[in-house]
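One structure below.
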Amino acid sequence: MGTFARSAMTTVYTKGVKPVIFKMHPDKVHDDMITHGSWAQRIRPAMAAAEALLKHDDPALVTEAYDLTLRNPLGLAAGLDKNVAIPGILQMTGFGLLTFGSVTSRVCDGNPRPWFHRLPQDESLVVHVGLANGGVERVATRLVELREQGNPRYMALPFKMSIARTNDGHTGDVAEGVDDYVRSVQALDGLSELIELNISCPNTMVGEAFTGPEALDQLLTAVDDAAPAQPIVLKMPSDKTWEQFRDLVDVALDHRVAGLTISNLRKDRDSVTMDPAIKGNLSGRPVRELSTEIVRRTYLHAGDRLTIAGLGGVFDGSHAYDKICAGATLVELVSGLIFRGPAVVGTIAKELVELAQADGFARVQDAVGSRADLPVATD
Numbered sequence: 001m002g003t004f005a006r007s008a009m010t011t012v013y014t015k016g017v018k019p020v021i022f023k024m025h026p027d028k029v030h031d032d033m034i035t036h037g038s039w040a041q042r043i044r045p046a047m048a049a050a051e052a053l054l055k056h057d058d059p060a061l062v063t064e065a066y067d068l069t070l071r072n073p074l075g076l077a078a079g080l081d082k083n084v085a086i087p088g089i090l091q092m093t094g095f096g097l098l099t100f101g102s103v104t105s106r107v108c109d110g111n112p113r114p115w116f117h118r119l120p121q122d123e124s125l126v127v128h129v130g131l132a133n134g135g136v137e138r139v140a141t142r143l144v145e146l147r148e149q150g151n152p153r154y155m156a157l158p159f160k161m162s163i164a165r166t167n168d169g170h171t172g173d174v175a176e177g178v179d180d181y182v183r184s185v186q187a188l189d190g191l192s193e194l195i196e197l198n199i200s201c202p203n204t205m206v207g208e209a210f211t212g213p214e215a216l217d218q219l220l221t222a223v224d225d226a227a228p229a230q231p232i233v234l235k236m237p238s239d240k241t242w243e244q245f246r247d248l249v250d251v252a253l254d255h256r257v258a259g260l261t262i263s264n265l266r267k268d269r270d271s272v273t274m275d276p277a278i279k280g281n282l283s284g285r286p287v288r289e290l291s292t293e294i295v296r297r298t299y300l301h302a303g304d305r306l307t308i309a310g311l312g313g314v315f316d317g318s319h320a321y322d323k324i325c326a327g328a329t330l331v332e333l334v335s336g337l338i339f340r341g342p343a344v345v346g347t348i349a350k351e352l353v354e355l356a357q358a359d360g361f362a363r364v365q366d367a368v369g370s371r372a373d374l375p376v377a378t379d
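Residue numbers for the sequence shown follow full-length UniProt numbering, beginning at 1 and rising by one.
Spelled out as structure tokens, the structure:
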């Protein structure tokens, strides 16, 4: 039933819904999704029924990561729901792990709109949000309220809170940035299963100040001292040379970092055709092979000392499986939802089982790193 339902929903989305919403500005589509979704998730029987149709459960998908047992290795990446507005909607799609944020210590208006621009021919979204969010205090209050309500339909899945440095006119030097991160870490202490430090958002006033080894070491030392209850994950850049990236990995290994999300948006836009006046960086397909190759090299370098989540250009099971075989324990996506629809998560989950078992693995997690010695094939 699930396979048929997902196939039908994919057809409805790609043939009916997508052509309509792709005629609308993506900023409006995103805003409407948050507004309408926050109301729709209150219809609990409908959410439960939709989840039963969309998700794909199989014992072969169960994944152990960060001392958590996840129903599958698929996670929602940061950026879609910054203020934890629609957890019920996102849970419905069948993920094993959700990421909310990125949030910042102060309320952040982000960059001037527009924030998004579609590149349908490249299956990419140009992103220029600049970390707009309601601030960590608002989000922390929201998380406490959800837990006090005791409503499993809202927060039944493990989730990760992504934290970034505030992007506004009050941004100062590295020391100020460290304090900014630490305030958010302290505000979210114990309120999620994981904390992700987003050190690599490319759409900010001061750039990526913490993607150098010395500054990153200062930040992680301060986070170590703050000692939050949750494991720490770093969201990594995509535009470093391997030598530069490896230096960041080595810094992470010297601290209480448990994992890496690889990788953030792609700055190099030479692979796509677009108006140079459009501001922003690339998600989706242009990131796919780049991030998978970084996953592979990181896995070979760090082994099982860090849990890797592969992110970028995941639209079907083969894309997710490539990242797993390269060394990713988890695979995250956002663009796949936009270009393929909400049934894509369950479809990928089913395809992962088929691909892993075709290679002789009883569980999908058994395939982690199985092809890490092979360079990533290009299209």
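Backbone N, C-alpha and C fix where the C-beta goes; we use that ideal spot for every residue, glycine too.
In this structure residue 313 does not touch residue 346 by the C-beta definition: roughly 19 Å separates them, more than the 8 Å allowed. Secondary structure at residue 118: strand, using DSSP grouped into helix, strand and coil.
In terms of Cβ geometry, residue 204 and residue 240 do not form a close pair [threshold 8 Å]. Residue 269 and residue 148 have their C-alpha atoms some 45 Å from each other.
In the DSSP assignment, residue 309 is bridged to 261, 330.
Straight across, the Cα-Cα distance linking residue 368 with residue 242 is about 21 Å. By DSSP's assignment, residue 159 forms a beta bridge with 98.
Secondary structure within the region 164-189: the alpha helix (DSSP H) runs of 4 or more consecutive residues, fully enclosed, are 174-187 (chain order). Here residue 12 is exposed, its C-beta having fewer than 16 other C-beta atoms within 10 Å. Per the coordinates, the alpha-carbon of residue 225 lies some 13 Å from the alpha-carbon of residue 232. Beta-bridge annotation (DSSP): residue 133 is paired with 108.
Distance between residue 73 and residue 195, taken at the CA atoms: about 17 Å. The Cβ atoms of residue 70 and residue 158 sit closer than 8 Å to each other. In this chain, residue 55 is not harboured by any beta strand (DSSP E), its DSSP state being neither H nor E. Here residue 272 is not near residue 38, since their CB atoms are 8 Å or more apart. If you draw a 10 Å sphere on the C-beta of residue 278, you find fewer than 16 other C-beta atoms in it, and that means exposed.
With fewer than 16 other beta carbons inside 10 angstroms of its own, residue 22 counts as exposed. Closest option to residue 175, judged by alpha-carbon separation, among 249, 334, 220: 220. Put simply, the backbone Cα of residue 289 is about 32 Å away from that of residue 223.
Taking all protein chains in view, the Cβ of residue 43 is surrounded by fewer than 16 other Cβ atoms within 10 Å, so the residue is classified as exposed. Looking at the DSSP output, residue 127 bridges to 116, 281. For residue 233, the uninterrupted beta strand (DSSP E) segment begins and ends at 232-235.
Excluding residues up to 5 positions away in sequence, 70, 75, 158 lie with their Cβ nearer than 6 Å to the Cβ of residue 97 in the same chain. Assignment of residue 103 by DSSP, reduced to helix, strand and coil, places it in the strand class. Membership of residue 10 in the alpha helix (DSSP H) is indicated by the continuous run 2-12. Taken in chain order, the complete alpha helix (DSSP H) segments of 4 residues or longer contained in the region 186-256 are 213-226, 242-253.
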